[in-house]
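In UniProt numbering, the protein residues as written are 1 to 245.
Here it is, written out as structure tokens:
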């Protein structure tokens, strides 16, 4: 549209007013006497639906920068936002995502929904450790020799030996079968009457029936803190190695 053919203020007001009355563009064109393209352009500008074209070229990354993006994502386990900060904002977050998505050497894997170890978790764990040491105890894990005979079988019982789905009732039955003789042995041979048991946060362990059953055996349940180390030292070391790799 040339400068001589620009819409006047009267025509602009007429187009907007007619459009407000929910009239079609064809009827607006016939009443104003302008082209349909001019009417559509004016209405798109007024509605704010006209997209602004992006200027500039796509970012051309060096091979070194691409390798750093892969290293931060795959080895350091950084998100795209953290990678942007680590790269001194030379590469934007969306650019890092595009590099990872378009590559055939990387694929997206959903992370496990594990809870983050936050400041209040650390403070809570520190308080439990101080309380335990003040009482003269030791906060740690005890490993017993594994053999099929005797109460130690409870310590080394694996999931493959428990056929079927485990419930809170079955868990109480297992504790009664294996834990009670072990407590009796502690009382007779070592004169230990109050035992402390620590178990992880599985649903069958945190169930109400299990929590009510253990105090009947004079067993104190040690709270399982967030991100606690594995009670098996070998499994704990293996977990640390796998997370570091």
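Built from N, CA and C at the ideal position, the CB exists for glycine as well.
Since the model is a prediction, treat every value here as computed from it, not as a measurement.
Length of the line joining the Cα atoms of residue 189 and residue 120:
Residue 189 sits at position 189 when you count from the first residue of the chain shown. Residue 120 sits at position 120 when you count from the first residue of the chain shown. Using only the alpha carbons, I get a separation of about 41 Å.
Please determine, among 238, 194 and 198, the residue with the shortest C-alpha to C-alpha distance to residue 217.
For the purposes of this step, residue 217 is taken as residue 217 along the chain shown, with counting starting at 1. Nearest C-alpha to residue 217: 194.
Assign residue 84 to one of two classes, buried (16 or more other C-beta atoms within 10 Å of its C-beta) or exposed (fewer than that).
Looking up residue 84 in the chain shown gives position 84. So residue 84 ends up on the buried side.
Closer than 6 Å by C-beta to residue 148: which residues in its own chain qualify, once you throw out the five before and the five after it? Chain order, please.
As a first step, residue 148 must be located in the chain shown, where it is residue number 148. In this prediction, residue 148 scores a pLDDT of 35, lower than 50, which makes its location untrustworthy; no coordinate-derived value is stated.
If you measure between the beta carbons of residue 32 and residue 15, is that distance less than 7 Å?
The count along the chain shown starts at 1 and reaches residue 32 at position 32. The count along the chain shown starts at 1 and reaches residue 15 at position 15. Against a cut-off of 7 Å, the Cβ pair of residue 15 and residue 32 comes out as a contact.
Between the region 175-186 and the region 199-206, do three or more beta carbon pairs fall short of 8 Å?
no
Helix, strand or coil, according to DSSP, for residue 60 in the structure here?
As a position in the chain shown, residue 60 is number 60, starting the count at 1. Coil at residue 60, not helix or strand.
One or two residues paired with residue 221 in a DSSP bridge:
Residue numbering aside, residue 221 sits at position 221 when the chain shown is read from its first letter. Residue 221 pairs with 197.
Should residue 74 go down as buried or exposed, given a rule of 16 or more other Cβ atoms within 10 Å for buried?
If you number the chain shown from 1, residue 74 lands on position 74. Per the 10 Å Cβ criterion, exposed.
Can you give me the start and stop residues for the alpha helix (DSSP H) that residue 82 sits inside?
What you label residue 82 is simply residue 82 of the chain shown in a count that begins at 1. That run of the alpha helix (DSSP H) goes 80-86.
Where does residue 123 sit, in a helix, a strand or coil, going by DSSP?
For the purposes of this step, residue 123 is taken as residue 123 along the chain shown, with counting starting at 1. Reduced to three states, the DSSP call for residue 123 is helix.
How long is the line joining the alpha carbons of residue 210 and residue 167, rounded to whole angstroms?
The residue given as residue 210 occupies position 210 in the chain shown. The residue given as residue 167 occupies position 167 in the chain shown. If I take the Cα positions, the gap works out to 10 Å.
May I have the straight-line CA-CA distance separating residue 171 from residue 59, to the nearest angstrom?
Position 171 of the chain shown holds residue 171. Position 59 of the chain shown holds residue 59. Using only the alpha carbons, I get a separation of about 59 Å.
Go ahead and label residue 196 buried or exposed: buried means 16 or more other beta carbons lie within 10 angstroms of its beta carbon, across all protein chains shown.
For the purposes of this step, residue 196 is taken as residue 196 along the chain shown, with counting starting at 1. Under this definition residue 196 is an exposed residue.
May I have the straight-line CA-CA distance separating residue 135 from residue 102, to the nearest angstrom?
In the chain shown, residue 135 corresponds to position 135, counting from 1. In the chain shown, residue 102 corresponds to position 102, counting from 1. Since pLDDT at residue 135 reaches only 47, below the 50 mark, its modelled position is unreliable, and no value is offered.
Quick check on DSSP: helix, strand or coil for residue 33?
Numbered from 1 along the chain shown, position 33 holds the residue referred to as residue 33. The answer is coil: DSSP assigns residue 33 none of H, G, I, E or B.
Buried versus exposed, by CB contacts within 10 Å (16 or more), residue 91
Position 91 of the chain shown, counted from the start, is the residue given in the question as residue 91. By the 10 Å Cβ count, residue 91 comes out buried.
Please determine, among 38, 39 and 105, the residue with the shortest C-alpha to C-alpha distance to residue 69.
Counted from its first residue, the chain shown places residue 69 at position 69. The candidate whose alpha carbon is nearest that of residue 69 is 105.
Euclidean distance between Cα positions of residue 100 and residue 67
Walking along the chain shown from the start, residue 100 turns up at place 100. Walking along the chain shown from the start, residue 67 turns up at place 67. If you take the alpha carbons of residue 100 and residue 67, they lie about 11 Å apart.
If residue 12 and residue 19 are in contact, beta carbons under 8 Å, what's the gap, nearest whole angstrom?
Here the question's residue 12 lines up with position 12 in the chain shown. Here the question's residue 19 lines up with position 19 in the chain shown. That belief does not hold up - the Cβ atoms of residue 12 and residue 19 are roughly 11 Å apart, past 8 Å.
Residue 8 classed as buried or exposed, judged by whether at least 16 other C-beta atoms fall within 10 angstroms
Position 8 of the chain shown, counting from 1, holds the residue named residue 8. Exposed, since its Cβ has fewer than 16 Cβ neighbours within 10 Å.
Inter-residue spacing [alpha-carbon to alpha-carbon] between residue 42 and residue 80:
Taking the chain shown and counting its residues from 1, one reaches residue 42 at position 42. Taking the chain shown and counting its residues from 1, one reaches residue 80 at position 80. Distance between the alpha carbons of residue 42 and residue 80: 40 Å.
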